[in-house]
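>
Protein chains in written order, with my numbering: chain V, 40 to 683; chain L, 223 to 389.
#1: Let's see if you can read the secondary structure: which residues bound the beta strand (DSSP E) around residue 220/V?
#2: Kindly provide the ranges of any beta strand (DSSP E) runs that are 3 or more residues long and lie completely inside the segment 350 to 386 of chain V, ordered along the chain.
#3: Assign residue 289/V to one of two classes, buried (16 or more other C-beta atoms within 10 Å of its C-beta) or exposed (fewer than that).
#4: Which same chain residues, not among the five before or five after residue 565/V, have their C-beta less than 8 Å away from its C-beta?
#5: Below 7 Å on C-beta distance, what does residue 375/L contact in chain V?
#6: On a CA-only basis, which of 352/L, 252/L and 302/L is nearest residue 324/L? Give me that one, please.
#7: When Cβ atoms are compared, which residues of the segment 600 to 612 of chain V fall closer than 8 Å to chain L?
#8: Residues of chain V with CB under 7 Å from residue 361/L, in chain order?
#9: Would you check if there are 3 or more beta carbon pairs closer than 8 Å linking the segment 143 to 150 of chain V to the segment 242 to 262 of chain V?
#10: For the 8 Å Cβ check, are there 3 or more pairs between the segment 277 to 289 of chain L and the segment 246 to 256 of chain L?
#11: Residues of chain L with CB closer than 9 Å to the CB of residue 196/V, please, in chain order.
#12: Using DSSP with H/G/I as helix, E/B as strand and the rest coil, what is residue 333/V?
#13: So what's residue 448/V in DSSP terms, helix, strand or just coil?
#14: In the DSSP output, which residue or residues are listed as bridge partners for residue 232/V?
#15: Looking only at DSSP bridge pairs, what is residue 71/V linked to?
#16: In chain order, what residues of the same chain lie with their CB nearer than 8 Å to the CB of residue 194/V, ignoring the 5 residues before and after it?
#17: Taking the alpha carbon of residue 374/V as the point to measure from, which residue in 397/V, 88/V, 134/V and 267/V has its own alpha carbon closest?
#18: Could you list the residues in the segment 279 to 303 of chain L with a C-beta less than 8 Å from some C-beta on chain V, going in chain order?
#19: Anything in chain L within Cβ reach of residue 638/V, meaning under 9 Å, just list it in chain order.
#20: Helix, strand or coil: which one does DSSP assign to residue 252/V?
#21: Can you tell which of 214/V, 204/V and 243/V has its C-alpha closest to the C-alpha of residue 226/V?
#22: In whole angstroms, what is the alpha-carbon distance linking residue 691/V and residue 502/V?
#23: Using the three-state DSSP reduction, which class does residue 204/V fall into: helix, strand or coil?
#24: Could you please give me the residues that DSSP links to residue 129/V through a beta bridge?
#25: Would you list the residues sitting across from residue 52/V in a DSSP beta bridge?
#26: Per DSSP, which one or two residues make a beta bridge with residue 666/V?
#27: For residue 197/V and residue 178/V, what's the separation of their Cα atoms in angstroms?
#28: Keeping to the same chain, check which residues put their C-beta closer than 6 Å to that of residue 321/L; ignore five residues upstream and five downstream.
#29: Using CA coordinates, which residue listed in 273/V, 100/V, 127/V and 538/V is at the minimum distance from residue 164/V?
#30: List the residues of chain V whose Cβ lies closer than 7 Å to the Cβ of residue 357/L, in chain order.
#31: Note down, in chain order, each residue of its chain lying with its Cβ closer than 7 Å to the Cβ of residue 332/L, except the 5 sequence neighbours on either side.
#32: Between the segment 650 to 670 of chain V and the segment 498 to 512 of chain V, do at least 3 Cβ pairs fall closer than 8 Å?
#33: By Cβ distance, which residues of its chain are closer than 8 Å to residue 411/V, with the 5 residues on each side in sequence left out?
#34: Relative to chain V, which residues along the segment 364 to 388 of chain L have a C-beta separation below 8 Å, given in chain order?
#35: In chain L, what lies closer than 9 Å to residue 410/V by C-beta?
#36: Does the separation of the CB atoms of residue 328/V and residue 57/V fall below 7 Å?
Structure, rendered in structure tokens:
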């Protein structure tokens, strides 16, 4: 429940052992190797040290190839998975096994090639289908399409829009004495397909007439043979292409049996790339490798037996004042506070000299969430949902954290639901009323009947959270030896609040005056001039007053969302009982409450989160820690079995 | 004739007019807010279909104002006695009080839903560039939401006062 203490690790080892050393460190999974730029060696060292490649870019390319192979499999042969299907489990040694990697990279490549070919075939197929479509209207024309002239005549296939009246066209042609003839080949909704035959010497004149009707020569004249022959040829081609495509598709489908191996290979490749990434951070001389890194102080002992097997020299040391910025941050939590890391990380990790907020989030986040959702039924549903999700899917890592978070919030919701006498809104009394019975559920807090109490309660809870925030700030200042700052910044504030409380109770206002004076006199202390000191003090008195007023009022959302959720639930229950029919009631009940639950979960979650991030964290949080990313085995598709 | 009509139904009409405005304006605002967010979301989903759940959460955030308006409508008609018929014959000034008390959420909800929808649109665009930025986008939306909540509380606390005065 704190920020893990880190130690700086410096290591020099023999170059020939690079791969095996990194592999061992990876199995150990607790050493983070820093980017050497951060601690740039001096000019003399810079000449000796070089960075060497370890094949990272090739590994990454291979990884992408495997991923696209898996994606193709999913596209052609969608995987049937249940909602809660767990990931397969493998041992760490198996993830490091590289023996079959090549084979599956080849497989992924061949899948990619097959997919490429399929795409090209599909393009060709659609081209041929288009051709067939343009030829179809000409089927009844038994003249070869390439025949464009005889000794005396020209033949011209062409089209006119279907709006043209063919009789008028024919009549016009007949009226002109140029001895031409129009044959109707076929017509569809938009177009008449025609064959125009004209004497060679009259060609220009005839064309002029037909152009007035929108006659346009057709492109089919570039083909050889009759339309019918062309179509049957094309259809043969098409079916050949289709067989090719089916063969390729079934080739991909056949690979579906190695889907799991592909996924495992992808994870193996990812691990390999991770190792190479770290290997490329090492500074090398001709015969040695050197690196600096970080290791959690608790894990230091594990390092001895591993490193003693290698030819290497190493030392660990406490981080110095200047290092603080670079020390990676790992939050050390127990099973219950761990899930709240998701919320902390979503904001920003605390700085190494900050404080781990998870235990406090564990107190306040579910409480506020529970107050806003406040329903026994909803709470139980959330708890069960989280429980099932975790159990059935055997979750690890952040997803498991989400499930536990859901369970904790569910419990809080159920508690506040019980306090407010709410079980799916007022479902119990409403149903009882349907059958003529009167049931009164006792409640401690009721936003509809006694809103002022709930509102004031919400503001008081908010005030308590803010005071805890200032206490944490004071704790950090004292821990870092800044006694004066703690007294001036936190002490003066507390004095003011204590004074206000005493004054309101009628005892004395002098303590409050002292608090105000202390704030005005101390808050401008960083300013160099007397005027600046007083001005700064007055300004901070104003910002403290307005800031705290706004911050505390912000907690009124607790009551407002509690009210909104309860009223919507009540509306659906009322609608349901109005039907007077238990089946219709159940139907409305299920649909309505699912809707209300869904919307309110989102609302309660984000509003509770906002209160943590803006109001609570604003009072003490030092952010900006860099995440601890040790050299370790990372997997996406499989879970690693814990073995020790 | 007219005066009996006014004395019988006038108060109730003014009251349900205010309550109705609260529900209707807030719902229109929410429809507009979720609408523009949905359009932007559909554009993003064309490129990245796997972001559906994230896009949907951002889309429904401007939908809460509709709920708030509906809550105030329900509370006002319940306390006026519209649901059980006792609102008939309510004094005109009493109905006017109920009606006017509903206005804060009607106006605040309507506009805040639209403005929040615009933030949701920008957040969806932000997510198109940075898929991990959803938390930030949601936070930006929630800042706007607070003012709808204040409007809801303003209407609700006034309704409480009026209800207690006549109870």
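The beta-carbon is built from N, C-alpha and C at its ideal position, and this holds for glycine as well. A quick note: this is a predicted structure, and the numbers were derived from the prediction, not measured.
A quick look at the data gives this:
#1: 220 to 226
#2: Fully enclosed beta strand (DSSP E) runs of 3 or longer: 351 to 356.
#3: Here residue 289/V is exposed: its Cβ has fewer than 16 other Cβ atoms, across all protein chains shown, within 10 Å.
#4: The answer, listed in chain order, is 575.
#5: Listed by position along chain V, the residues whose Cβ is nearer than 7 Å to that of residue 375/L are 595 and 599.
#6: 302/L
#7: Within the segment 600 to 612 of chain V, those residues whose Cβ lies closer than 8 Å to any Cβ of chain L are, in chain order, 600, 602, 603, 606, 607, 609 and 610.
#8: 649 and 652
#9: In the pairwise beta carbon analysis, the segment 143 to 150 of chain V is classified as not touching the segment 242 to 262 of chain V: fewer than three pairs are separated by under 8 Å.
#10: yes
#11: In chain order: nothing, as chain L lies at least about 42 Å away.
#12: strand
#13: helix
#14: Note: residue 232/V sits in a beta bridge opposite 198/V and 225/V.
#15: 333/V
#16: 182, 186, 187, 188, 234, 235 and 236
#17: 397/V
#18: 279, 282, 283, 285, 286, 289, 290, 292, 293, 296 and 297
#19: Ordered by position in chain L, the residues that pass the 9 Å Cβ test against residue 638/V are 282, 285, 286 and 289.
#20: coil
#21: 204/V
#22: For residue 691/V there is no data in the structure shown, the boundaries of chain V being 40 and 683.
#23: coil
#24: Under DSSP, residue 129/V forms a beta bridge with 679/V.
#25: 328/V and 351/V
#26: 368/V
#27: 14 Å
#28: 236, 237, 239 and 240
#29: Its Cα nearest to that of residue 164/V, the residue 273/V stands out among 273/V, 100/V, 127/V and 538/V.
#30: 385
#31: 247, 248, 250 and 251
#32: yes
#33: 596, 597, 600, 601, 604, 639, 642, 643, 646 and 647
#34: 364, 365, 367, 368, 371, 372, 374, 375, 378, 379 and 382
#35: Residues of chain L passing the Cβ test: none, with the nearest at roughly 14 Å.
#36: yes
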